[in-house]
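Enquirer: Sharing a structure here in structure tokens format.
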Amino acid sequence: MKDLLKNVLVGIILSVLVISCKSSQSAVAQKPLAKHVILIGSDGFGAYAFENAKLPHLRKMMADGTYSLQARSVLPSSSAVNWASMIMGSGPELHGYTEWGSKTPELPSRILGKGNIYPTVFSLVDEQMPSAKKGVSYTWGGIGYLFEKDMVDLDFNGRTDEETIEKAMDFHLENKSTLTFIHLTHPDNEGHEIGHGTPEYYTAIEKVDAQVGEILASVKKAGMMDDTIIIFTSDHGGIGKGHGGKTLAEVEIPWIIYGTNILAKGKLNSSIVTYDTAATIAYALGLKMPDFWRGKPVLEAFSN
1 MKDLLKNVLV GIILSVLVIS CKSSQSAVAQ KPLAKHVILI GSDGFGAYAF ENAKLPHLRK
61 MMADGTYSLQ ARSVLPSSSA VNWASMIMGS GPELHGYTEW GSKTPELPSR ILGKGNIYPT
121 VFSLVDEQMP SAKKGVSYTW GGIGYLFEKD MVDLDFNGRT DEETIEKAMD FHLENKSTLT
181 FIHLTHPDNE GHEIGHGTPE YYTAIEKVDA QVGEILASVK KAGMMDDTII IFTSDHGGIG
241 KGHGGKTLAE VEIPWIIYGT NILAKGKLNS SIVTYDTAAT IAYALGLKMP DFWRGKPVLE
301 AFSN
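Read in order, the letters of the sequence shown are residues 1 to 304 in our numbering.
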């Protein structure tokens, strides 16, 4: 009888521990770990480029923050499907955008939010932080089909990356934006027109690095860096003049996170998929994530 009671008691304790562990795994940060998040996405920036390119500003983010050069896109490794996944916290099997130029889901979205699309991280901010400012500034027009336009305070399609960055930073610094997404069209243009891994491609890569340096300098000059997390990533890499395939050169993307409450630990061990970006942003802002998202925050990056 004593052994039976002992076994029952042990079973109850283990059940409580399992429930507790599951709760802690699904819990959001108890409080925001940053007041501001800037997501910089560089189109067609393959992780392989770090082998040869001169990237002082991105490497500084990697050294003072943490990173992976083995993060992966979803398949197909092309644009719209991956930009959607990045901000929607799920892959194409749920959000339904399946092609490089998707403007509407080819596969019906499993969930439709208030914006009548699969809910993005912007919808989380809109619902849980209604007074927060948020914006999207992008050079490739295809981005404009992938977020809830009525839920952001900036929706700007620039003609050039320079114009896109200028508009984004003016908005971000003036409004002390909670979440700003900056999409850059380079080096994808060079990848398609001239080829991945060409001198022209690397020149474009290095220009992106310089622009990231300008963004960092602007945030620091405004005195906001102590409250800011910056994530740099991409939608896909490429081979030849194309993308969309299943090679590591096409699928592996850089994923760099830097700023307040981010460990200066260098290389991450975590396996990262692009939809983990939205979950990581939500975690950093202390937001509750929907259970239908498939992404998970990259907790290894955080100091807490």
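From the three backbone atoms N, C-alpha and C, an ideal C-beta is built for every residue, glycine too.
So is Asn304 buried or exposed if we call it buried at 16+ other beta carbons inside 10 Å?
Expert: Per the 10 Å Cβ criterion, exposed.
Enquirer: According to DSSP, simplified to helix, strand and coil, what is His183?
Expert: strand
Enquirer: Drop a sphere of 10 angstroms on the beta-carbon of Thr104, count the other beta-carbons inside from all chains shown, and report buried for 16 or more, exposed for fewer.
Expert: exposed
Enquirer: Per DSSP, His36 is paired with what?
Expert: Thr228
Enquirer: Determine the direct distance from the alpha carbon of Val81 to that of Tyr183, and round the result to whole angstroms.
Expert: A quick correction: the sequence has His, not Tyr, at residue 183. Going by the C-alpha atoms only, they are around 15 Å apart.
Enquirer: Can you tell me the Cα-Cα spacing of Val152 and Gly135, whole angstroms?
Expert: 5 Å
Enquirer: Is it buried or exposed, Thr164, if we count other Cβ atoms within 10 angstroms and call 16 or more buried?
Expert: buried
Enquirer: For the stretch 210-230 and the stretch 54-63, state whether three or more C-beta atom pairs, one from each stretch, are separated by less than 8 Å.
Expert: Using a Cβ-Cβ distance cut-off of 8 Å, the stretch 210-230 and the stretch 54-63 are in contact, since at least three pairs of beta carbons, one from each stretch, lie closer than that value.
Enquirer: Is it buried or exposed, Gly46, if we count other Cβ atoms within 10 angstroms and call 16 or more buried?
Expert: buried
Enquirer: Using DSSP bridges, identify the partner residues of Thr233.
Expert: Gly41, Trp255
Enquirer: Alpha carbon to alpha carbon, how far is Lys265 from His57?
Expert: 17 Å
Enquirer: Look at the alpha carbon of Ser23 and the alpha carbon of Ile239, and state the distance between them as a whole number of angstroms.
Expert: With a pLDDT of 37 at Ser23, under the threshold of 50, the modelled position of this residue cannot be trusted; read the value that follows with caution. Using only the alpha carbons, I get a separation of about 43 Å.
Enquirer: Would you please state the rounded distance, in angstroms, between the beta carbons of Ala249 and Ala34? I believe it to be under 8 Å.
Expert: Not a contact, Cβ separation roughly 33 Å.
Enquirer: Would you list the residues sitting across from Gly66 in a DSSP beta bridge?
Expert: Checking the displayed sequence, the identity of residue 66 turns out to be Thr instead of Gly. Ile257, Gly266.
Enquirer: What residues in its chain sit with their C-beta under 7 Å from that of Cys21, if we drop five residues either side in the sequence?
Expert: Residue confidence is low: Cys21 scores 42 on pLDDT, short of 50, so the model does not pin down where it sits. Its coordinate-derived value is still stated next. For Cys21, where only same-chain residues beyond five positions count, there are no Cβ hits under 7 Å.
Enquirer: If we ignore side chains and look at the alpha-carbon of each, how far apart do Gly65 and Asn269 end up?
Expert: 14 Å
Enquirer: Going along the chain, which residues of its own chain have a beta-carbon closer than 6 Å to the beta-carbon of Phe292, five neighbours each way excluded?
Expert: Ile111
Enquirer: Return the first residue and the last residue of the beta strand (DSSP E) that Gly195 is part of.
Expert: Neither: Gly195 is in no beta strand (DSSP E) and is coded neither H nor E.
Enquirer: Are the CB atoms of Leu39 and Phe156 within a distance shorter than 7 Å?
Expert: Result no, Cβ atoms of Phe156 and Leu39 do not sit closer than 7 Å.
Enquirer: Between the Cα of Lys176 and the Cα atoms of Val298, Met225, Gly142, which residue gives the shortest distance?
Expert: Closest by alpha carbon: Met225.
Enquirer: Quick check: Ala53 and Ile205, are their CB atoms within less than 7 Å of each other?
Expert: yes
Enquirer: With DSSP as the reference, label Tyr138 as helix, strand or coil.
Expert: strand
Enquirer: Once DSSP output is grouped into helix, strand and coil, what is the label at Phe292?
Expert: coil
Enquirer: Enumerate in chain order the residues of its own chain whose CB-to-CB distance from Ser78 is below 8 Å, with the five nearest sequence positions on each side excluded.
Expert: A distance below 8 Å between beta-carbons, with the five flanking residues on each side excluded, links Ser78 to the following residues of its chain, in chain order: Glu99, Trp100, Asp235, His236, His243, Gly244.
Enquirer: Between the alpha carbons of Thr247 and Ser131, how many angstroms are there, rounded?
Expert: 43 Å
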